[in-house]
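Number of protein chains: 2
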Amino acid sequence: MISTLRWEKNKLKLIDQTELPLRFVYLDCADVSSIWKAIYSLKIRGAPAIGVAAGFGVYLGIKDSPAKTHPSFKKDLGRVLSYLATARPTAVNLFWVLERMRNLVEENKDKSVSKLKRLILAEAKEIMAEERKSSQKIAFWGNKLIRDGDRILTYCNTGRLATVGYGTALGAIHYAKEKGKRMEVFVCETRPFLQGARLTAWELKQNKIPFTLICDNMAGVVISQGKVNKIFVGSDRTVANGDTANKIGTYNLAVLAHYHKIPFYVFCPLSSFDFKLKTGEEIPIEERPSEELLYIMGRRIAPSGVKAYYPGFDITPGRLITAIVTEKGIFKPPYIRTLRKLKNG
Amino acid sequence: MISTLRWEKNKLKLIDQTELPLRFVYLDCADVSSIWKAIYSLKIRGAPAIGVAAGFGVYLGIKDSPAKTHPSFKKDLGRVLSYLATARPTAVNLFWVLERMRNLVEENKDKSVSKLKRLILAEAKEIMAEERKSSQKIAFWGNKLIRDGDRILTYCNTGRLATVGYGTALGAIHYAKEKGKRMEVFVCETRPFLQGARLTAWELKQNKIPFTLICDNMAGVVISQGKVNKIFVGSDRTVANGDTANKIGTYNLAVLAHYHKIPFYVFCPLSSFDFKLKTGEEIPIEERPSEELLYIMGRRIAPSGVKAYYPGFDITPGRLITAIVTEKGIFKPPYIRTLRKLKNG
């Protein structure tokens, strides 16, 4: 099985996802700025994978800190955390990991600086291990939503490339395959970054799961023709009432599922929940450079001087979500009540 | 003003729309097979423009017929009509023009073969003139649906490049601009052929109408943010109950408009109605080669050996359409009753 992220000899090795599927190459990140750039430029993407990369980024950012005292180390750490926090605003995993690192140092005030550095590295590895387990559990629960012969539409990439394990929404599909279930998968290409066409298609092909690639605008027609009977998507941030930020285009699919009365499932590890926010309106939505929409694989697709709008994510209201799958089980509406269990546990 | 199609010195000159917006070039078609290829390969597209091109295609196909008698001329004509009919199956304008030519020859049985050839050329010119007038009238009626300050989302290309005049849905926007109305237009890029990004963006830029280009999957988010207050689309074939075949992706927009309670208008010249069909299910939907989805501007976007599905059109049920704009005015549901007037008139 491929590993999207690997910690080796004080470097984070990650698959450069901007090169897939044409080239399969690992990128070595030996300092925090390479991690920042890899996250910003989507060389590594997917909420869980971003979180894991950020954990190692924190270590790479402070491992050479000359600080001798706790206060001066905390200052250095603060700079690294603030820097990494600017890489991408929407997926909450990034902030969750940075917060964990801040707390870790706070709770170990009495330790030496060199010990703190070792603790940070151990924490980054622990986050990676947790995300792997979390993927497995989500896949386990997600598999319960899959019946033999299902026709599942999936969006963006929520598989191995987005995590450090099976994946989330796509993880459940990988797991169901292992359990011998037959499925037909419809993959939306996911403009503008084409995570579906480039990454999900690549993963499904590797795993020999039959699938059909479509343009995002064909979702309605395949659903209305009965070619799809459920929709599986990931989450970059899910808040207290179930409102979910996910890759731009997810909301269109949720409305189509609602209109056609087919279930719409969101897969969300605990690390992607943000209970500090009450509704989706509070989630900051990343707006990316319009050039990323105006060029495809280096080719310009529109006249010069054209204005384009590229929100990286959209918000799907909880009321359009049939169930939310986490490592603790499957949650159903009313989310404001059912999700509370996760917050408190 | 640009002319998408021009008849000059026994040749049909047409803008090669596969080259836009990077290159603006005219293609000369001097025989029926160049017309067939131009239609099949989308060098000329848009239901009304396809119809006009086919009219000249018929003339180019029979102008050198050696037939001396009416029956043998009819046989030659039959071959040309059958050939052109295979170029594209969904837009009914093609078949409507071919039928007109067949009837013309039938009604002029008593004329000499050379006279018949002249009549066919005159008919092709007449069809072009009619389409130009029809565009003007549709734009006139469509303008009545536009208020100063409107924020209109449009799909594919329904402007000058799709017709021989103002256009249909986009024609109304061009016309409203002339009347001094201010609008903000949202243009869906329209995968996979990118008619929105390549052609509509080019036309709006030429006509200095402010617009924002988005990916098709962003329609939901701009509608939900209130950035769009109405949707204008074209039609390749509209049947007795109002069901409409239009560019793949139109149906997604109709469902989004319905969910958000904003009006969804279809612009349809009389030449695009097909009253022989009772419901949209009877409309033949062109399935195009999956390579056209798997490559963008010559660059492959998915792994090799991947299966893709590319229906060229989808059907929007009449019940999701707020009104249908024709050169005879604006028609509202129930279409099965209101459209009958057009059939009989």
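Heads up: the protein sequence lines correspond to chains A and B, in order.
Just so we're aligned: the first sequence equals residues 1455 to 1799 in the working numbering.
Just so we're aligned: the second sequence equals residues 1455 to 1799 in the working numbering.
Here a beta-carbon is modelled for each residue, glycine too, at the ideal position from N, C-alpha and C.
Could you give the distance in angstroms between the alpha-carbon of residue i and the alpha-carbon of residue j?
| i | j | result |
| --- | --- | --- |
| VAL1567 of chain A | HIS1524 of chain A | 7 Å |
| VAL1406 of chain A | LEU1653 of chain A | The shown model of chain A, from 1455 to 1799, leaves out residue 1406 of chain A, and the question about it has no answer. |
| LYS1467 of chain B | LEU1459 of chain B | 6 Å |
| LYS1732 of chain A | LYS1797 of chain A | 12 Å |
| CYS1642 of chain B | ILE1456 of chain A | 36 Å |
| LEU1793 of chain A | PHE1727 of chain B | 52 Å |
| VAL1774 of chain A | PRO1757 of chain A | Per the sequence shown, the amino acid found at residue 1774 of chain A is Leu instead of Val. Taking the straight line from one Cα to the other gives about 37 Å. |
| LYS1569 of chain A | THR1666 of chain B | 53 Å |
| ALA1492 of chain A | GLU1735 of chain B | 48 Å |
| LEU1573 of chain B | GLU1745 of chain A | 52 Å |
| ARG1614 of chain A | GLU1585 of chain A | 11 Å |
| ALA1699 of chain B | LYS1522 of chain B | 41 Å |
| VAL1559 of chain B | ALA1541 of chain B | 22 Å |
| THR1612 of chain B | MET1751 of chain A | 27 Å |
| LYS1659 of chain B | LEU1474 of chain A | 34 Å |
| ASN1597 of chain B | PHE1549 of chain B | 29 Å |
| SER1678 of chain B | ILE1790 of chain A | 22 Å |
| HIS1714 of chain A | GLY1783 of chain B | 32 Å |
| ARG1753 of chain B | GLY1759 of chain B | 15 Å |
| ASN1831 of chain A | ARG1554 of chain B | What the structure shows of chain A is the stretch from 1455 to 1799, and residue 1831 of chain A is not part of that stretch, so it cannot be assessed. |
Using CA atoms only, rank isn't needed, just tell me which of the options is closest to residue i.
| i | options | result |
| --- | --- | --- |
| GLY1767 of chain A | B:VAL1675, B:SER1488 and B:GLU1746 | Reading off the sequence, residue 1767 of chain A comes out as Phe, not Gly. PHE1767 of chain A has its Cα closest to that of B:VAL1675, out of B:VAL1675, B:SER1488 and B:GLU1746. |
| CYS1669 of chain A | A:LYS1795, A:LYS1635, A:GLN1660 and A:ALA1655 | A:ALA1655 |
| ILE1606 of chain A | A:LYS1633, A:ALA1711, A:ASN1671 and A:PRO1646 | A:ALA1711 |
| ALA1827 of chain A | A:VAL1512, A:ASP1697, A:GLY1688 and A:SER1526 | Given that chain A is displayed from residue 1455 to residue 1799, the structure contains no residue 1827 of chain A and the question cannot be resolved. |
| ILE1600 of chain B | B:SER1488, B:TRP1550, B:ILE1685 and B:GLY1500 | B:ILE1685 |
| ILE1804 of chain A | A:GLN1649, A:ALA1694, A:ILE1592 and A:THR1644 | No information on residue 1804 of chain A is available, as it lies outside the stretch 1455 to 1799 that chain A covers here. |
| GLY1509 of chain B | B:GLY1696, B:CYS1483, B:ILE1739 and B:ARG1754 | B:CYS1483 |
| PRO1771 of chain A | A:GLY1596, A:THR1704 and A:GLN1649 | A:THR1704 |
| LYS1730 of chain B | B:LEU1496, B:VAL1682 and B:VAL1546 | B:VAL1546 |
| ILE1739 of chain B | B:ILE1716, B:ILE1769 and B:CYS1722 | B:ILE1769 |
| ALA1762 of chain A | B:ALA1651, B:LYS1528 and B:ILE1489 | B:ALA1651 |
| TYR1764 of chain B | A:ALA1777, A:MET1672 and A:VAL1534 | A:MET1672 |
| ILE1778 of chain A | A:LEU1748, A:ARG1742, A:PRO1723 and A:LEU1747 | A:PRO1723 |
Going by DSSP, name the residue or residues bridged to residue i.
| i | result |
| --- | --- |
| VAL1641 of chain B | B:THR1608 and B:LEU1667 |
| ASP1482 of chain B | B:LYS1467 |
| LYS1684 of chain B | B:ILE1606 |
| GLU1462 of chain B | B:LYS1465 |
| PRO1765 of chain B | B:GLU1741 |
| TYR1749 of chain B | B:ARG1754 |
| ALA1699 of chain B | B:ARG1691 and B:ILE1769 |
| TYR1719 of chain A | A:PHE1686 and A:ALA1777 |
Can you find a C-beta in chain A that's less than 7 Å from the C-beta of residue i?
| i | result |
| --- | --- |
| ILE1574 of chain B | no |
| PRO1771 of chain B | no |
| PRO1543 of chain B | no |
| ASP1604 of chain B | no |
| VAL1709 of chain B | yes |
| ASN1671 of chain B | yes |
| ASP1768 of chain B | yes |
| LYS1659 of chain B | yes |
| TRP1550 of chain B | no |
| LEU1653 of chain B | no |
Mind listing the chain D neighbours of residue i? Cutoff is C-beta to C-beta under 8 Å, in chain order.
| i | result |
| --- | --- |
| ALA1762 of chain B | The displayed structure is made up of protein chains A and B, and chain D is not among them. |
Spell out whether any CB of chain B is found under 7 Å from the CB atom of residue i.
| i | result |
| --- | --- |
| ILE1677 of chain A | no |
| GLY1674 of chain A | yes |
| GLY1703 of chain A | yes |
| ALA1756 of chain A | yes |
| MET1751 of chain A | yes |
| ASP1690 of chain A | no |
| ALA1623 of chain A | no |
| ARG1645 of chain A | yes |
| ASN1878 of chain A | Outside the modelled stretch of chain A, which goes from 1455 to 1799, sits residue 1878 of chain A, for which no answer is possible. |
| TYR1494 of chain A | no |
| PRO1717 of chain A | no |
| LEU1731 of chain A | no |
| PRO1475 of chain A | yes |
| PRO1787 of chain A | no |
Here's the rule I'm using: 16 or more other beta-carbon atoms within 10 Å means buried, otherwise exposed. How should residue i be labelled?
| i | result |
| --- | --- |
| TYR1609 of chain A | buried |
| PRO1664 of chain B | exposed |
| LYS1587 of chain B | exposed |
| SER1689 of chain A | buried |
| VAL1479 of chain B | exposed |
| ASP1602 of chain A | exposed |
| TYR1494 of chain A | exposed |
Can you tell me whether residue i sits near the ligand HEM, meaning its C-beta is under 6 Å from at least one heavy atom of the ligand?
| i | result |
| --- | --- |
| ALA1762 of chain A | The ligand HEM is not part of this structure, which contains no ligands at all. |
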